[in-house]
Amino acid sequence: MDQDRSPPFRAFQDYRWEGVAHLPYKEDATTPFKSVTRQVLFHEPDMGCELRYFEVSAGGYSTLEQHEHAHAVLILRGSGDCMVGDDVRPVATNDLVSIPPWAWHQFRATLGEPLGFLCMVNALRDKPRLPTQEQLAEMRRSPAVTAFLDTTERSA
Ligand code: MN
Numbered sequence: 004m005d006q007d008r009s010p011p012f013r014a015f016q017d018y019r020w021e022g023v024a025h026l027p028y029k030e031d032a033t034t035p036f037k038s039v040t041r042q043v044l045f046h047e048p049d050m051g052c053e054l055r056y057f058e059v060s061a062g063g064y065s066t067l068e069q070h071e072h073a074h075a076v077l078i079l080r081g082s083g084d085c086m087v088g089d090d091v092r093p094v095a096t097n098d099l100v101s102i103p104p105w106a107w108h109q110f111r112a113t114l115g116e117p118l119g120f121l122c123m124v125n126a127l128r129d130k131p132r133l134p135t136q137e138q139l140a141e142m143r144r145s146p147a148v149t150a151f152l153d154t155t156e157r158s159a
């Protein structure tokens, strides 16, 4: 009997899953983010990926970061905005977002409601990196990105 294996069924209620720990988004509190929680839904020892559920409260945002691993995101609750590289889009329930390796990315719940999303990642992955001042200046060459980052800073 494998102790790490999930039970076969977990009931859903109010965007929580039975027996799944409701965790702060990042263990490292120095990383800039606001009002985000994390639930690890699938983390099986013999699978190469993990599925998590993140929820950003109204007015909150995830960390602006990049890393080598990719993310596959399905918006599950509410709406907001997301930045992936030079692209800034409104997102809503059931939209899919693919974040390729090394793309700068951030999610924000801008519309007065929580933004919840499933995120699939490699089980083994590199640590996210934060932008340097030079990289932020480079990102801001895109007017859409500048508008997005300014909105995040105003809500910080
Ligand atoms: Mn990320």
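Position one of the sequence shown corresponds to residue 4 (our numbering), numbered consecutively onward.
Think of the CB as a built atom: it goes at the ideal place given N, C-alpha and C, for glycine as much as any other residue.
For Arg13, DSSP records no beta bridge to any residue.
The segment 32-107 is shown to contain whole beta strand (DSSP E) runs of 3 or more residues at 37-45, 52-64, 74-80, 82-87, 90-95, 99-102, in chain order. The residues Ile78, in chain order, have a CB closer than 6 angstroms to that of Thr96 in the same chain once the five nearest residues on each side in sequence are set aside.
Leu121: member of the beta strand (DSSP E) spanning 118-125, first to last residue. Contact between Lys29 and Tyr64 is absent: CB atoms are separated by about 13 angstroms, not below the 8 angstroms threshold. With the criterion CB distance below 7 angstroms from any heavy atom of the ligand MN, the matching residues run Glu68, His70, His74, Ile102, His108, Pro131 along the chain. By the beta-carbon neighbour count (other beta carbons within 10 angstroms, threshold 16), His74 is buried. Scanning its chain for C-beta atoms nearer than 7 angstroms, with the 5 sequence neighbours on each side dropped, one finds around Thr149 the residues Arg143, in chain order. A contact is defined here as three or more CB-CB pairs under 8 angstroms, and the segment 92-106 fails this definition with respect to the segment 51-66.
Ranked by how close their Cα comes to the Cα of Arg157, the residues Thr113, Asp129, Cys52 have Thr113 in first place.
Burial state of Trp107 is buried, judged by a 10 Å Cβ sphere holding 16 or more other Cβ atoms.
Across the set Glu141, Leu139, Leu67, the C-alpha of Leu67 shows the shortest separation from the C-alpha of Pro131. Annotation: the continuous alpha helix (DSSP H) that includes Ser158 extends over 146-158. Per DSSP, the beta-bridge partners of Gln109 are Met86.
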